[in-house]
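Here's the structure, in structure tokens; my notes come after.
Residue numbers (the working numbering): 718 to 1184.
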């Protein structure tokens, strides 16, 4: 082999050289990534709503020795705690050996995903078909939700206070729900609409039945028959919809994509891929030097609002309560803390290249993606990580041998989006966005790379374990 030229040596030293993960991973590590993804797919299938994700995470945490957080307890290094916030968001922590006032390391993801919620009074009958009215949640492209197998998940609180869990459309033999679309033969006028307006919000009605009850003296016979079936299975009446949270999600399971099985298609990669990878890093760490905290938040898709979203004070209260129990000043703890805002990024899609700036986007199979800032256009709605913190994260990932890349969310004037980073940053915490690149983000069936999923897990593990 001939010696490298001066230019070749300079190029190695000075220029970026992005590589496909398969060129970097050993065969053993590639097999680990594929095995890790099998458990991730199982998590996705049992965690299609924020409530289900919390239930799954709590069960996994309790198996590892985590116990409910008690603000009156003085914890020791190695103690593992969790705080379940209303069954819809979760905080987990492992107490480190160093003083709490040196700060904590935070991984903050979200477990809600775009979906179709039922309206407060959803059930009606029209032309002898029973339907449910929906109200879309988060940034959906409405036309993508028609002519698909859909499932209904959630809870109903009855008048006597009893809470009933509802799941329709997931088990083998279960019926599914369905939103109709026009046949092409009759869609001449619909075809003139813009793509954004192709399916309208009030047209996203779930077909739930078509058989009438056998009684000529009542009206809305099909609606009544459906309500009878719901009453028999769940013991609910129509007014119980007023105190319910019922979410429509795709009924499809997580599946491998490609003949090489290198990718995963599923509902809810945004952002359960970061939730799962950070959760697994949390659960698998021993006693750390620095206390680490994992947040699985709700409501990010609609602005992190409400008392289970990170624009509320529940995370701040947790740190203040923990600090008080440990004899520390909570404000000092937060000011010395660092955070990886764990949220997905848009992967480059060769079918739609024009929305991306190729030099500054993330690609499948090149590792977990770092986003110094998110937001839209003039960086609106972002925290914009400092150069100093970017340098810390860069060193941490390189030293741990993590495959990673840097990108932003599309061309400057094309659009954009936000994460929970700004709400963590508002507590005087250093924060940067990091996550798995996703194709078809916010669709009912998104795609990620198994190499990138495993790289995210390695990144969070390195963050928690760094000395």
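A virtual CB, placed ideally from N, CA and C, is assigned to each residue, including glycine.
CA-to-CA distance, residue 1080 to residue 734, given in whole angstroms: Whole-angstrom Cα-Cα distance: 13 Å.
C-alpha gap between residue 1141 and residue 1153, whole angstroms: Distance between the alpha carbons of residue 1141 and residue 1153 is about 20 Å.
What three-state label does DSSP hand residue 835 in the structure shown? Judged by DSSP in its simplified three-state form, residue 835 adopts strand.
Comparing C-alpha positions only, which one of 1024, 754, 758 and 1119 sits nearest to residue 736? Checking every option, the nearest Cα to that of residue 736 belongs to 1119.
Could you have a look at residue 986 and say whether DSSP puts it in helix, strand or coil? The answer is helix: DSSP assigns residue 986 an H, G or I state.
Helix, strand or coil for residue 773 per DSSP? Assignment of residue 773 by DSSP, reduced to helix, strand and coil, places it in the helix class.
Quick one: any contact between the segment 827 to 840 and the segment 851 to 868, if contact means 3 or more CB pairs under 8 Å? Yes, the segment 827 to 840 is in contact with the segment 851 to 868.
In chain order, each beta strand (DSSP E) run of at least 3 residues that lies wholly inside the segment 892 to 973: Taking only runs of at least 3 residues, the beta strand (DSSP E) segments lying wholly in the segment 892 to 973 are 922 to 926 and 961 to 967.
In angstroms, rounded to a whole number, what distance separates the CA positions of residue 785 and residue 957? Roughly 31 Å between the two C-alpha positions.
Consult DSSP for residue 1062 and reduce its assignment to one of helix, strand or coil. In the three-state reduction of the DSSP assignment, residue 1062 falls in the strand class.
CB of residue 987 within 8 Å of CB of residue 1172, strictly: Residue 987 is not a Cβ neighbour of residue 1172, given a cutoff of 8 Å.
Cα separation between residue 1101 and residue 1161? Each residue's alpha carbon lies about 30 Å from the other.
Are the CB atoms of residue 1000 and residue 781 nearer to each other than 8 Å? Yes, Cβ-Cβ distance for residue 1000 and residue 781 is below 8 Å.
So residue 1008 and residue 817 are in contact, right, with Cβ under 8 Å, and what is the actual spacing, rounded? Confirmed, Cβ separation roughly 6 Å.
Between which two residues does the alpha helix (DSSP H) containing residue 1115 stretch? Here the alpha helix (DSSP H) through residue 1115 covers 1104 to 1116.
Alpha carbons only, please: which of 823, 977 and 847 is nearest the one belonging to residue 930? Of the listed residues, the one whose Cα sits closest to residue 930 is 847.
What is the DSSP secondary structure of residue 861, reduced to helix, strand or coil? Here DSSP, grouped into helix, strand and coil, assigns residue 861 to helix.
Rank 884, 875, 891 and 983 by C-alpha distance to the C-alpha of residue 952 and give the top, closest one. Comparing Cα positions, the closest option is 875.
Give a yes or no on contact between the segment 855 to 867 and the segment 891 to 910, applying the rule of three or more CB pairs nearer than 8 Å. Short answer: they touch.
For residue 974, which residues from the same chain have a beta carbon less than 8 Å from its beta carbon, with the 5 sequence-adjacent residues on both sides left out? The beta carbon of residue 974 sits closer than 8 Å to those of 980, 981, 982 and 1164, all from its chain and outside the five residues before and after it, given in chain order.
Taking only three categories from DSSP, how would you classify residue 980? Strand, per DSSP.
Using 8 Å as the threshold, is the segment 783 to 797 in touch with the segment 926 to 941, meaning 3 or more CB pairs across them? Cβ pair count under 8 Å is below three, so no.
CB of residue 1055 within 8 Å of CB of residue 814, strictly: Not closer than 8 Å, so no.
What does a CB cutoff of less than 7 Å around residue 1130 pick up in its chain, not counting 5 residues either side in sequence? Here the set comprises 1094.
Name the two residues that bound the continuous alpha helix (DSSP H) containing residue 1038. In the DSSP assignment, residue 1038 falls within the alpha helix (DSSP H) that extends over 1031 to 1042.
Just tell me which of 1002, 1033 and 1145 has its CA closest to the CA of residue 1014. Looking from the CA of residue 1014, the closest CA among 1002, 1033 and 1145 belongs to 1033.
Spatial distance of residue 1175 from residue 998 (CA atoms): Cα-Cα distance, rounded: 8 Å.
Within a Cβ cutoff of 8 Å, which residues of the same chain sit near residue 917, ignoring the five residues on either side of it in sequence? 859, listed in sequence order.
So for residue 801, helix, strand or coil by DSSP? In the three-state scheme derived from DSSP, where H, G and I count as helix and E and B as strand, residue 801 is classed as strand.
Burial state of residue 1181, where buried means 16 or more other Cβ atoms lie within 10 Å: Burial check for residue 1181: the Cβ neighbour count within 10 Å reaches 16 or more, so the residue is buried.
Please indicate yes or no: does the CB of residue 947 lie closer than 7 Å to some heavy atom of the ligand NAP? In terms of ligand content, the structure shown is empty, and the ligand NAP therefore cannot be addressed.
Can you grab the Cα-Cα spacing for the pair residue 902 / residue 1069, in whole Å? As the crow flies, the alpha-carbon of residue 902 is around 28 Å from that of residue 1069.
Residue 1126 by DSSP, collapsed to three states: which one? When DSSP states are grouped into helix, strand and coil, residue 1126 belongs to the coil group.
Nearest to residue 1149 (by Cα), restricted to the options 924, 1108, 1168 and 936: Residue 1149 has its Cα closest to that of 1108, out of 924, 1108, 1168 and 936.
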